[in-house]
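Quick notes on the structure that follows.
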Amino acid sequence: MSDFVYQPGEELDSALRRAGAYLQSAGIDSGFVDAQLIAAHLVSSELGEDVSRGRIQSMALTGTAVPAGFAELVSERGARVPLQHLTGQAYFRHLTLRVGPGVFTPRPETELLVDHVLDYMRFRSLENPVVVDLCTGSGAIAASVATEIPGSQVFAVELSEDACAWAALNLEPVGVQLVQGDATDALEHLVGEVDVVVTNPPYIPNGAVPKDPEVRDHDPHLALFGGSEDGMKIPSAIANRAYQLLKPGGFAIMEHAETQRELAASLFKNLGFTGVQSIDDLAGKPRHTAGRKPLG
């Protein structure tokens, strides 16, 4: 499609309405929201302070001028460049993460994964728990645990050099120990010492083509594909490492595709996990599998 064009003298309200319609015509259901977030990002840069989407909505009613660069970013979003790559930010739970090309953009369904980890640790009243996030990507899960469970000792592992650079920006300020390496054999010094292992590994079956251009064309393939026809080769190896890292009674939880519920449950049971459960996401789709390492 053609680029979005700024009309000379146009005010922000008009530009936002046109940009929203333009993005919707490009197949982006959240087009009007994305247009406002792009404007908020640009105005934030101009003012040197955080500007919310709500503030942009208010500013649009007062004849505010269109911020410089708006048309260009709207055009890029229309070409299905992820919004997070344009703004350099992704929102995850209470965090604002630094993201961009080379790192997997965290998804809302993964926030529920963190909820289950936090619920487990609070229910068990774990003091100074040791938590490992395998395949940390941007560091979203590890950063959430570190900031929401005071006193936790959190380790994060990521193979990709590009993703590690982004993860470092998000994890160093919150005290997470980041390790660049293979999640299937990392953290040898922690074998048998970990309270919780959480992972959102690559699990898309080889040969499957993601529907959304933002995923297909911009998320790194290393973070997407599970290494086999059923997508379970890499998740299987990572679940095995999780079992090795856990202390007796420790808890593991893994995200996976909705079509992999039975495969994931069988994997956990075959590795020796007990109390294996499949957990639905907020849309009612099987998204996570969890289990505990036996006490004896």
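Just so we're aligned, residue 1 is where the sequence shown starts under the UniProt record's numbering, counting upward by one. We treat Cβ as the ideally placed atom computed from N, Cα and C, and that holds for glycine.
Any heavy atom of the ligand NAD closer than 8 Å to the Cβ of residue 101?
This structure lacks the ligand NAD; in fact it carries no ligand of any kind.
Tell me which same chain residues have a C-beta within less than 6 Å of the C-beta of residue 131, skipping the five on either side of it?
The residue given as residue 131 occupies position 131 in the sequence shown. Cβ neighbours of residue 131 beyond the five flanking positions: 145, 152, 154 and 196.
Residue burial classification, residue 66 (beta-carbon count within 10 angstroms, cutoff 16)
Reading the sequence shown from its first residue, position 66 is the one you call residue 66. By the neighbour-count rule (16 or more Cβ atoms within 10 Å), residue 66 is buried.
Short Cβ contact (9 Å threshold) for residue 63 with residue 112
Counted from its first residue, the sequence shown places residue 63 at position 63. Counted from its first residue, the sequence shown places residue 112 at position 112. No, the Cβ-Cβ distance between residue 63 and residue 112 is not below 9 Å.
Label residue 221 either buried or exposed according to how many other C-beta atoms from any shown protein chain fall within 10 Å of its C-beta, with 16 as the threshold for buried.
Reading the sequence shown from its first residue, position 221 is the one you call residue 221. Exposed is the call here.
Is the beta carbon of residue 184 less than 9 Å from the beta carbon of residue 253?
Indexing the sequence shown from 1 puts residue 184 at position 184. Indexing the sequence shown from 1 puts residue 253 at position 253. No; because the gap between Cβ atoms is not below 9 Å, this pair is not in contact.
Where do the N-terminal and C-terminal ends of the beta strand (DSSP E) with residue 255 fall, by residue?
Taking the first residue of the sequence shown as position 1, residue 255 is located at position 255. From DSSP, the beta strand (DSSP E) with residue 255 extends over 246 to 255.
What does residue 95 pair with, by DSSP beta-bridge criteria?
Against the sequence shown, residue 95 aligns to sequence position 95. DSSP lists 92 as partners of residue 95.
When you compare each of 294, 279 and 293 to residue 287 by their alpha carbons, which one comes out closest?
Residue numbering aside, residue 287 sits at position 287 when the sequence shown is read from its first letter. The shortest C-alpha separation from residue 287 is found at 279.
Check each candidate in 158, 247 and 260 and name the one with the smallest Cα separation from residue 103.
One-based indexing of the sequence shown puts residue 103 at position 103. The residue with the shortest Cα to Cα distance from residue 103 is 158.
Once the 5 residues before and after residue 262 are set aside, which same chain residues still bring their CB inside 6 Å of it?
Position 262 of the sequence shown holds residue 262. Taken in chain order, the list of residues that qualify is empty.
Mapping DSSP to helix, strand and coil, what is residue 173?
The residue given as residue 173 occupies position 173 in the sequence shown. Three-state DSSP puts residue 173 in a helix.
Assuming the contact rule is C-beta atoms closer than 8 Å, residue 223 and residue 205 should be a hit. Round their C-beta distance to whole Å, please.
In the sequence shown, the residue the question calls residue 223 occupies position 223. In the sequence shown, the residue the question calls residue 205 occupies position 205. The pair is not a contact, with the Cβ atoms about 15 Å apart (cut-off 8 Å).
Own chain residues within Cβ distance below 7 Å of residue 181, not counting five before or after:
Here residue 181 refers to the residue found at position 181 when the sequence shown is read from its first residue. Excluding positions up to five away in sequence, the list reads 157 and 159.
Quick one: which unbroken alpha helix (DSSP H) runs of 4-plus residues sit fully inside the region 8 to 36? Chain order, please.
12 to 25
Inter-stretch contact (C-beta, 8 Å, three-pair minimum) for the region 167 to 178 and the region 226 to 244
no
Checking the sheet assignment: what are the DSSP bridge partners for residue 153?
Counting from one through the sequence shown, the residue named residue 153 turns up at place 153. Answer is 130.
Does the distance from the CB of residue 95 to the CB of residue 136 come in under 9 Å?
Within the sequence shown, residue 95 is the residue found at index 95, counting from 1. Within the sequence shown, residue 136 is the residue found at index 136, counting from 1. Cβ distance not < 9 Å, so residue 95 and residue 136 don't count as in contact.
Does the region 19 to 30 come into contact with the region 65 to 80, if we say contact requires no fewer than three beta-carbon pairs (one atom in each stretch) closer than 8 Å?
yes
For residue 16, collect the residues of the same chain with a Cβ closer than 8 Å to its Cβ; drop the 5 residues on either side in sequence, then sort them by chain order.
As a first step, residue 16 is located in the sequence shown; it is residue number 16 there, counting from the start. Taken in chain order, the residues that qualify are 32, 35, 36, 39, 56 and 60.
Throw me the rounded Cβ distance for the residue 277 and residue 232 pair, which I believe falls under 8 Å.
Position 277 of the sequence shown, counting from 1, holds the residue named residue 277. Position 232 of the sequence shown, counting from 1, holds the residue named residue 232. In fact, because the Cβ distance is near 18 Å, the residues do not count as touching under 8 Å.
Straight-line gap, residue 289 to residue 29 (C-alpha atoms, nearest Å):
Here residue 289 refers to the residue found at position 289 of the sequence shown. Here residue 29 refers to the residue found at position 29 of the sequence shown. C-alpha separation (whole angstroms): 30 Å.
When you compare only the Cα positions, how much space is there between residue 162 and residue 46?
Start at 1 with the first residue of the sequence shown, and residue 162 comes out as number 162. Start at 1 with the first residue of the sequence shown, and residue 46 comes out as number 46. In a straight line, the C-alpha of residue 162 is about 28 Å away from that of residue 46.
My parser needs the beta strand (DSSP E) runs of 3 or more residues fully inside the region 41 to 124; what are they?
89 to 92 and 95 to 98
I believe residue 82 touches residue 105 by the beta-carbon criterion, under 8 Å. Please report the beta-carbon distance rounded to the nearest angstrom.
In the sequence shown, counting from the first residue as 1, residue 82 sits at position 82. In the sequence shown, counting from the first residue as 1, residue 105 sits at position 105. Right, the Cβ-Cβ distance comes to about 6 Å (below 8 Å), so this counts as a contact.
Excluding sequence positions up to five away, which residues of its chain have a Cβ less than 7 Å from the Cβ of residue 271?
Within the sequence shown, residue 271 is the residue found at index 271, counting from 1. Excluding residues within five positions, the ones whose Cβ falls inside 7 Å are 239, 240 and 243.
How would you label residue 9, buried or exposed, when you count the other beta carbons within 10 angstroms and need 16 or more for buried?
By 1-based counting over the sequence shown, the position of residue 9 is 9. Result: exposed.
Using DSSP with H/G/I as helix, E/B as strand and the rest coil, what is residue 325?
What the structure shows of the chain is the stretch from 1 to 296, and residue 325 is not part of that stretch, so it cannot be assessed.
If contacts are defined as beta-carbon pairs under 8 Å, then residue 250 and residue 191 qualify, I think. What distance do you get, rounded to the angstrom?
The residue given as residue 250 occupies position 250 in the sequence shown. The residue given as residue 191 occupies position 191 in the sequence shown. Not quite, the Cβ-Cβ distance comes to about 11 Å (not below 8 Å), so this is no contact.
Comparing C-alpha positions only, which one of 291, 282 and 285 sits nearest to residue 274?
In the sequence shown, residue 274 corresponds to position 274, counting from 1. Closest by alpha carbon: 291.
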